[in-house]
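These notes concern the structure reproduced below.
In UniProt numbering, the protein residues as written are 1 to 843.
Below you can see the structure in the form of structure tokens.
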């Protein structure tokens, strides 16, 4: 036993030089102990009994496992008090929906808390502050962040455990510079860790029939393209990245010895189907097979502590059945700790260390305490609370940057930037991160409804996405410098049903419609290019329109496509296919009068006469002029959209330059180019407050009476004399009366207009009633009902305004009489100010 103790001490005297300054101890040294809750500064009787039991457990564990490293059982908190590690967890559910799921919760902790590596890479920390302190500091090491994450996950119903083990050097330093950032999400690493829950009795989808010929053709084309370009896919890049990471890990002198902590989720609760590991420093989710961890020393939650007895087994091969006492040694077991000596014959029995610790502690208690019951004390940590403003900020100081191998990921707090930027991903072509290939930006709360922007440097392409609600229904805007422009719209928000507009600058413009207007679905115009192109604005060379099928019309009369060849001087009309027809009728008109061509598919149809053809040709010429006008109007609107976007970005850039000159205290709460949701009441109140004025202290606060006073005075100043008070009294009453009368006149004028219009329409109806069609009579009845409804509403509004006006006037009169500045009006020597004796006593 002595030999074992000697070996144990030799392991604990492992000397190591700190890589980073111990900022945790610096923060702990600044803690005001007096201001902390009593549970932070003292131990209850139950906690003292628990600590005594843990001390015996740790001693027995050292005797039985002398070569094992120390366990993290009772570290000191921020007040210097030893606390059992399980009681440091405080299951809490925050009142935010964004932290209800495990992946979002892990991402929140990774962003909210600044990660700090352990002072000694191979030694467990000696201090474990409360999760509430970690929230207030917004900084901590892996154990601090794991404790906070586990507390939040336990609060929302997950079977979460804090893990103490060993990990790679890059994980312990939160170094992601060797990791490739997949901008579209990696289906191999993170998404493979989570499988969607499938319904047991769901109806399987219908099998899709595919042509083997077409499938083989597509495969051959894809393989030919891959042979030409032969780019590395994400799986190959991940493999190369893993190889490079393994080489760097092999050169690490402390490989397999670096202490780390993370969170383990067991399957079962919250419909979680498989076990997962959560990395608190990055928010990444790993399956057990893909986890970058070496080994596990122990795990714990708010109810117990388990020590891993599977020595030398990697994480992917461990048995995570915590009820298996041959694999896991539990600190507390649910049994009355008496008569333990009868089981000593079973050296490999369950909870051997726990039994020995209980026996030793029972022996020290003396014969009077034959039965010893050890219960888990309640958590000494107060309920966790994250202020809403800190939760919305997400990151310390409102911003955070993560560096990857060929990319950077930046996050910003909402309303912290003038442009509303909340996320930005930059992908580089080189490892040194000097040649940017693509930039993706996510925006929030923009007045111009901009939600996302993707900038590709290879072809100078800018792709912008907009939320619904923008003028002209703009949904997406794609701009390739000097080459191509695309406008995508919310068709339901437009009267013309335009879906998208695609411009090949100087060559061709195509418009696609939903067919809600005149059955039009497609319109295109080609311009003169090269030597034929005239100077100035591009001139149309050829225009075409397509229409969808109208079932009520005969196919021989339902136009499918109209083509206006301005350069060739022809107009071509093609009609829809009839029932069981493989060809369609078409007609071609030449503007010079020669070369007309008419093809009529139906042999039984009566051919058109020359007069009918001339009438159709005249209509087609009108359609041609209308098409030209529509194209020019569309071009003008497209230019207005581009000009508006340039002005919006210029205003934001100017506002950012002006905001940079403000001090933090004078910075506006909500930037001018951002909107505030009606549900964000706190920020709405701050946004509506006026900016403070330097001379506010010397100015008189504005109230209802100030505009009518010759010399503005405050409510606490001496009262006015009778003449000045009476003048202000009359002016205020007159102003209110004029405003109420003006509103009444407006309503009365609208009522008179409606009555006059209805009378005029009734007279016209009476004169021509005998000669009117049923449709005209129905139209008149509809108009009369709507007019009578409007008249009724206006009459009710006028009556209500009269009642409210009397009440407002009486209220203002009483308010003026009670105003301390007009106290002279109530003097008994001055008489009454009523309508009958208003001037009594006034000289």
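Cβ atoms here follow ideal geometry from the backbone N, Cα and C, with glycine treated the same way.
> Under a Cβ-count criterion, where at least 16 other Cβ atoms within 10 Å of its own Cβ denotes burial, should residue 404 be classed as buried or exposed?
Replying inline: Classification of residue 404: buried, given that the 10 Å Cβ count is 16 or more.
> Per DSSP, what kind of secondary structure is residue 90 in: helix, strand or coil?
Replying inline: Three-state DSSP puts residue 90 in coil, outside helix and strand.
>> Taking its Cβ as the centre, do 16 or more other Cβ atoms sit within 10 Å of residue 673, making it buried, or is it exposed?
In response: Its Cβ being crowded by 16 or more others within 10 Å, residue 673 is buried.
> Name the DSSP beta bridge partners of residue 300, please?
Replying inline: DSSP output for residue 300 lists 162, 305 as bridge partner(s).
>> Classify residue 147: buried if its beta carbon has 16 or more other beta carbons within 10 angstroms, exposed otherwise.
In response: Buried.
> Applying the criterion that 16 or more other CB atoms from any shown protein chain within 10 Å of the CB defines a buried residue, is residue 172 buried or exposed?
Replying inline: Burial is judged here by how many other beta carbons sit within 10 angstroms of a residue's own beta carbon; residue 172 has at least 16 and is buried.
> Taking just the CA atoms, how far does residue 547 sit from residue 803?
Replying inline: So the two alpha carbons sit approximately 59 Å from each other.
>> For the region 100–115 against the region 387–395, do three or more pairs of beta-carbon atoms, one drawn from each stretch, fall closer than 8 Å, so that the two count as touching?
In response: Contact between the region 100–115 and the region 387–395 is present, with at least three C-beta pairs closer than 8 Å.
> From residue 379 to residue 40, what distance separates their C-alpha atoms?
Replying inline: Distance between the alpha carbons of residue 379 and residue 40 is about 10 Å.
>> Quick check on DSSP: helix, strand or coil for residue 595?
In response: Looking at residue 595 - three-state DSSP - the assignment turns out to be coil, as it is neither helix nor strand.
> Where DSSP assigns a beta bridge to residue 846, which residues make up the other side?
Replying inline: Nothing about residue 846 can be read from this structure; the chain reaches only from 1 to 843.
> Is the beta carbon of residue 278 less than 8 Å from the beta carbon of residue 300?
Replying inline: In this structure, residue 300 does not lie closer than 8 Å to residue 278 by Cβ.
>> Can you tell me whether residue 96 is helix, strand or coil according to DSSP?
In response: In the three-state reduction of the DSSP assignment, residue 96 falls in the coil class.
> Under 8 Å between C-beta atoms, does residue 760 make it to chain D?
Replying inline: Of the protein chains in this structure there is only one, and it is not chain D.
> So which of 217, 251, 150 has the shortest CA-CA distance to residue 168?
Replying inline: Selected option, being the one with the closest Cα: 251.
>> What ranges does the beta strand (DSSP E) occupy inside the UniProt domain "CEP76/DRC7 peptidase-like" (258–329), keeping only unbroken runs of at least 3 residues that lie completely in it?
In response: Unbroken beta strand (DSSP E) stretches of 3 residues or longer found wholly inside the UniProt domain "CEP76/DRC7 peptidase-like" (258–329): 259–265, 276–278, 285–287, 293–300, 305–308, given in chain order.
> Given residue 733, which residues of its chain have a CB within under 8 Å of its CB, disregarding the five upstream and five downstream residues?
Replying inline: Hits under 8 Å: 809, 812, 813, 816.
>> I'd like to confirm the pairing. Which residues does DSSP put opposite residue 511 in its beta bridges?
In response: Residue 511 pairs with 501, 523.
> By Cβ distance, which residues of its chain are closer than 6 Å to residue 576, with the 5 residues on each side in sequence left out?
Replying inline: Leaving aside the five residues that flank residue 576 on each side, the residues in its chain whose CB is nearer than 6 Å to its CB run, in chain order, 549, 555, 558, 560.
> Mind checking whether residue 778 and residue 758 have CB atoms under 8 Å apart?
Replying inline: It is not a contact, given that the beta carbons lie outside the stated cut-off.
> Considering residue 442, what are the terminal residues of the alpha helix (DSSP H) in which it resides?
Replying inline: Bounds of any alpha helix (DSSP H) do not take in residue 442; it lies within the beta strand (DSSP E) bounded by 436–443.
>> If you reduce the DSSP assignment to three classes, tell me which class residue 824 lands in.
In response: Residue state, collapsed to three classes: helix.
>> If I follow the unbroken beta strand (DSSP E) through residue 722, where does it start and stop?
In response: Note, residue 722: premise wrong, no beta strand (DSSP E); alpha helix (DSSP H) at 722–767.
>> Between which residues of its own chain and residue 452 is the CB-CB distance below 6 Å, once the five residues before and five after are set aside?
In response: The residues are 442, 465.
> Any idea what DSSP makes of residue 473, helix, strand or coil?
Replying inline: Here DSSP, grouped into helix, strand and coil, assigns residue 473 to helix.
>> What does the Cβ neighbour count give for residue 154, buried or exposed, with the cut at 16 atoms within 10 Å?
In response: A buried status is given to residue 154, since no fewer than 16 other beta-carbon atoms sit within 10 Å of its beta-carbon.
>> Between which residues of its own chain and residue 354 is the CB-CB distance below 8 Å, once the five residues before and five after are set aside?
In response: Closer than 8 Å at the Cβ level, and outside the excluded window around residue 354, lie 57, 329, 330, 331, 332, 333.
> If you check the beta carbons only, do residue 87 and residue 377 fall under 8 Å apart?
Replying inline: Going by C-beta atoms, residue 87 is nearer than 8 Å to residue 377.
>> So, at 7 Å on beta carbons, what are the nonlocal neighbours of residue 270 in its own chain, with the 5 sequence-adjacent residues on each side left out?
In response: Once the five neighbours on either side are set aside, the close Cβ partners of residue 270 are 157, 158.
>> So, with DSSP's three-state summary, where would you put residue 152?
In response: Helix, per DSSP.
>> Quick check: what's the CA-CA separation for residue 459 versus residue 432?
In response: Near 22 Å, if we compare the C-alpha coordinates of residue 432 and residue 459.
> So is residue 488 buried or exposed if we call it buried at 16+ other beta carbons inside 10 Å?
Replying inline: Sixteen is the threshold: when 16 or more other Cβ atoms of the shown chains lie within 10 Å of the Cβ of residue 488, as they do, the residue is buried.
>> To the nearest angstrom, how far is the alpha carbon of residue 825 from that of residue 711?
In response: The alpha-carbon separation between residue 825 and residue 711 amounts to approximately 18 Å.
>> Contact between the region 465–481 and the region 492–512 is defined here as three or more beta-carbon pairs at a separation below 8 Å; is this criterion met?
In response: Yes, the region 465–481 touches the region 492–512.
> When you compare only the Cα positions, how much space is there between residue 303 and residue 361?
Replying inline: Taking the straight line joining both Cα atoms gives about 21 Å.
> If you follow the alpha helix (DSSP H) that residue 801 is part of, which residue opens it and which one closes it?
Replying inline: Residues 774–818.
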